[in-house]
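Asks: Let me begin by handing over the structure; questions about it come next.
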Ligand code: AMP
Ligand code: ZN
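Residue numbers (this note's numbering): 5 to 489.
The structure is reproduced here in structure tokens:
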């Protein structure tokens, strides 16, 4: 097995990944804020995280995957400003927060299933870990990083050495909305301090969700839940923490500051930050009608697996521009890949007559494909290259089949593609042959008779008739194959 290289955002380098504990990996991925449907940008991130998990599993590592569900404390802006998104959601829909949380958590789980994203071993809401979050704030007080005011408890970033290290941004360059900041957070020591505990006073007097704490009734700041949940299940340090680039600052920066201030050791060995999905070249926005959900794609007749394929065509650290055309192209490619799987299945049935030389040659060729595929995927999850290895194999197979000198054993190739698909997650082993209507079979057989009689004009006419009905005939070595166009 080759070595796994991952781009570690902490060092900004590709590093060889070795688990901290023998045989298993602790993986924490920031989860959804369940006040609305997740958009396809979010799902791009969850897909690359799923590829990461499957790649580690392919390398025979057991992955303990933990994900949070944000159901409190994520304000309209990531920088502690505006209203809690959950309460906005409840007001928008005239429901209570619990109903909103349940509805959008279920929608998230259903979407991830459609996208063939494996469910984390632990998927847990922030509100189930309030005690743990309060305990963290207590420790931050003990260590001198937290301070209390009448409106909130804050983390004092000036006390944490290296606060800028992770994002490598000068603090003065990072803050937006400083004016609003000053008005709302009048008691902050530094503009970059962030909230650990909001108090249900002032602008949050009517906040629905609140819990008692040593600093008064209130609710936790958003960053706290990830520090509490990740270390609760995975201890500290754990192996890999992931998310999207928008989380580098402030979210991951603040998680690191809190957790490392408390424990005096690293939060996670690796941080992976996935690039964004753009829509029509720009940031997704509701106002411009470019914020799509999986539902929108399905309503236009696309299968979610086409979106998964599209995501795999770009490396997770490059921007991916979503257009309806690119989705349609991905769907076509996936269809061609599935056709190939069916072709291999058919050919496997009559593959017994290969001689030993052919079998040995096939083994060598397929072993080469394994090396190339693993090299790609183990090199910081290079899915476009991994797909290219499959397409190369398809081309070689087809070429040798055309030349009637089959050098690749179809059954072995099929097993190999299923094996690759354990990582890609395109459900290639679930493809079933289309049921062909009797009328179509009858037409195809009629054409076959014309062909035998060398009546090409009539044979071609039937081919056209079949095409008009959406069927295509392939003339294979062992008779014809009928398939959907
Ligand atoms: P949120 O629900 O906002 O906490 O986001 C859930 C995940 O989606 C996080 O890992 C974000 O970094 C990620 N994310 C948000 N917007 C995009 C986008 N346009 N493209 C890719 N990932 C995104
Ligand atoms: Zn998080």
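Note that beta-carbon positions come from the ideal geometry of N, C-alpha and C, so glycine has one too.
(1) Can you name the start and end residues of the alpha helix (DSSP H) that residue 94 belongs to?
(2) Give the secondary structure of residue 167 by DSSP, where H, G and I count as helix, E and B as strand, and everything else as coil.
(3) Buried or exposed for residue 429, going by 16 or more other Cβ atoms inside 10 Å?
(4) So what does DSSP say about residue 295, is it helix, strand or coil?
(5) How about residue 265 and residue 167: are their beta carbons less than 7 Å apart?
(6) Pairs of beta-carbons, one from the stretch 106 to 115 and one from the stretch 41 to 52, closer than 8 Å: are there three or more?
(7) Is the beta carbon of residue 76 less than 7 Å from the beta carbon of residue 223?
(8) Between which two residues does the beta strand (DSSP E) holding residue 68 run?
(9) For the 8 Å Cβ check, are there 3 or more pairs between the stretch 58 to 71 and the stretch 97 to 109?
(10) Assuming contact is defined by CB atoms lying nearer than 7 Å, are residue 455 and residue 463 in contact in what I supplied?
(11) Less than 7 Å between the beta carbons of residue 289 and residue 245, yes or no?
(12) I'd like to check one pair, residue 141 with residue 226: are the Cβ atoms closer than 7 Å?
(13) Taking 6 Å as the cut-off, does the CB of residue 245 come closer than this to any heavy atom belonging to the ligand AMP?
(14) Considering only their Cβ atoms, is the gap separating residue 204 from residue 211 smaller than 7 Å?
(15) With a floor of 3 residues, list each beta strand (DSSP E) that falls wholly inside the stretch 224 to 307, ordered by position along the chain.
(16) Okay, do the stretch 77 to 94 and the stretch 296 to 316 touch, 3+ Cβ pairs below 8 Å being the bar?
(17) Please find out if some non-hydrogen atom of the ligand AMP comes closer than 6 Å to the beta-carbon of residue 25.
(18) Which residues does DSSP list as the beta-bridge partners of residue 352?
(19) Just list the residues that DSSP pairs residue 198 with in beta bridges.
(20) Could you please give the first and the last residue of the uninterrupted alpha helix (DSSP H) stretch that includes residue 15?
(21) Please check the pair residue 382 and residue 22, which I expect to be a contact at CB under 8 Å, by giving their CB distance rounded to whole angstroms.
(22) Just to check my reading of the structure: residue 51 and residue 119 have Cβ atoms closer than 8 Å, yes? What is that Cβ distance to the nearest angstrom?
(23) Residue 322 lies in the alpha helix (DSSP H); which residues open and close that run?
(24) Our contact map puts residue 285 next to residue 325 with C-beta atoms below 8 Å; I'd like the distance itself, whole angstroms only.
(25) Taking 7 Å as the limit between beta carbons, can you name the residues of its chain near residue 173, skipping five residues before and five after?
(26) Verify the contact flag: residue 45, CB atom, against every heavy atom of the ligand AMP, threshold strictly below 6 Å.
(27) Sorted by chain position, which residues of the same chain lie with C-beta nearer than 6 Å to residue 487's C-beta, five sequence neighbours on each side aside?
(28) Look at residue 78 and residue 233 and say whether their C-beta atoms are less than 7 Å apart.
(29) Any heavy atom of the ligand AMP within a distance shorter than 6 Å of the CB on residue 257?
(30) Do you know offhand how far residue 287's Cα is from residue 295's?
(31) Please classify residue 38 as buried or exposed, where buried requires at least 16 neighbouring CB atoms within 10 angstroms.
(32) Name the two residues that bound the continuous beta strand (DSSP E) containing residue 30.
(33) So what does DSSP say about residue 151, is it helix, strand or coil?
(34) Have a look at the DSSP bridge pairing and note the partners of residue 127.
Replies: If we stick to the structure as given:
(1) Along the chain shown, read from residue 1 onward, the residue named residue 94 stands at position 90. 89 to 97 is the span of the alpha helix (DSSP H), which, as asked, contains residue 94.
(2) Stepping through the chain shown from its first residue, residue 167 is reached at position 163. DSSP places residue 167 in coil when its eight states are reduced to three.
(3) Counted from its first residue, the chain shown places residue 429 at position 425. That one is buried.
(4) Taking the chain shown and counting its residues from 1, one reaches residue 295 at position 291. Coil.
(5) In the chain shown, residue 265 corresponds to position 261, counting from 1. In the chain shown, residue 167 corresponds to position 163, counting from 1. Going by beta carbons, residue 265 and residue 167 fall outside the 7 Å limit.
(6) A contact exists between the stretch 106 to 115 and the stretch 41 to 52.
(7) Along the chain shown, read from residue 1 onward, the residue named residue 76 stands at position 72. Along the chain shown, read from residue 1 onward, the residue named residue 223 stands at position 219. Yes, they are a contact pair.
(8) Taking the chain shown and counting its residues from 1, the one referred to as residue 68 is at position 64. Residues 66 to 73.
(9) no
(10) Position 451 of the chain shown, counted from the first residue, corresponds to residue 455. Position 459 of the chain shown, counted from the first residue, corresponds to residue 463. Cβ atoms of residue 455 and residue 463: closer than 7 Å.
(11) Here residue 289 refers to the residue found at position 285 of the chain shown. Here residue 245 refers to the residue found at position 241 of the chain shown. Cβ atoms of residue 289 and residue 245: not closer than 7 Å.
(12) Here the question's residue 226 lines up with position 222 in the chain shown. Here the question's residue 141 lines up with position 137 in the chain shown. Cβ distance not < 7 Å, so residue 226 and residue 141 don't count as in contact.
(13) Your numbering for residue 245 matches position 241 in the chain shown. No, since every heavy atom of the ligand AMP falls outside the 6 Å radius drawn around the Cβ of residue 245.
(14) Walking along the chain shown from the start, residue 211 turns up at place 207. Walking along the chain shown from the start, residue 204 turns up at place 200. Yes, Cβ-Cβ distance for residue 211 and residue 204 is below 7 Å.
(15) 242 to 248, 272 to 278 and 281 to 283
(16) no
(17) Counting from one through the chain shown, the residue named residue 25 turns up at place 21. Residue 25 Cβ: outside cutoff for every heavy atom of the ligand AMP.
(18) Here residue 352 refers to the residue found at position 348 of the chain shown. For residue 352, DSSP records no beta bridge to any residue.
(19) Within the chain shown, the letter at position 194 stands for residue 198. Its beta-bridge partners are 159.
(20) On the chain shown, position 11 is the one that residue 15 refers to. Looking at the DSSP string, residue 15 is not in any alpha helix (DSSP H), and its letter there is neither H nor E.
(21) As a working note, residue 382 is residue 378 in the chain shown. As a working note, residue 22 is residue 18 in the chain shown. Contact doesn't hold; Cβ gap of about 13 Å is too wide.
(22) As a first step, residue 51 must be located in the chain shown, where it is residue number 47. As a first step, residue 119 must be located in the chain shown, where it is residue number 115. Confirmed, about 6 Å.
(23) Here residue 322 corresponds to residue number 318 of the chain shown, with the count starting at 1. Element bounds for residue 322: n/a, residue is neither H nor E.
(24) The count along the chain shown starts at 1 and reaches residue 285 at position 281. The count along the chain shown starts at 1 and reaches residue 325 at position 321. With a Cβ gap of about 6 Å, residue 285 and residue 325 count as contacting.
(25) Numbered from its first residue, the chain shown carries residue 173 at position 169. Result list for residue 173: 253, in chain order.
(26) What you label residue 45 is simply residue 41 of the chain shown in a count that begins at 1. Because some heavy atom of the ligand AMP lies under 6 Å away, the Cβ of residue 45 counts as near it: yes.
(27) Position 483 of the chain shown, counted from the start, is the residue given in the question as residue 487. Excluding residues within five positions, the ones whose Cβ falls inside 6 Å are 476.
(28) In the chain shown, counting from the first residue as 1, residue 78 sits at position 74. In the chain shown, counting from the first residue as 1, residue 233 sits at position 229. No; because the gap between Cβ atoms is not below 7 Å, this pair is not in contact.
(29) Position 253 of the chain shown, counted from the first residue, corresponds to residue 257. Placement of the Cβ of residue 257 at a distance of 6 Å or more from every heavy atom of the ligand AMP is found.
(30) By 1-based counting over the chain shown, the position of residue 287 is 283. By 1-based counting over the chain shown, the position of residue 295 is 291. Distance between the alpha carbons of residue 287 and residue 295: 9 Å.
(31) Position 34 of the chain shown, counted from the start, is the residue given in the question as residue 38. Label assigned to residue 38: buried.
(32) Here residue 30 corresponds to residue number 26 of the chain shown, with the count starting at 1. Where residue 30 is concerned, the enclosing beta strand (DSSP E) stretches over 28 to 33.
(33) Looking up residue 151 in the chain shown gives position 147. In the structure shown, the three-state DSSP call for residue 151 is strand.
(34) Taking the first residue of the chain shown as position 1, residue 127 is located at position 123. Beta-bridge partners of residue 127 (DSSP): 71.
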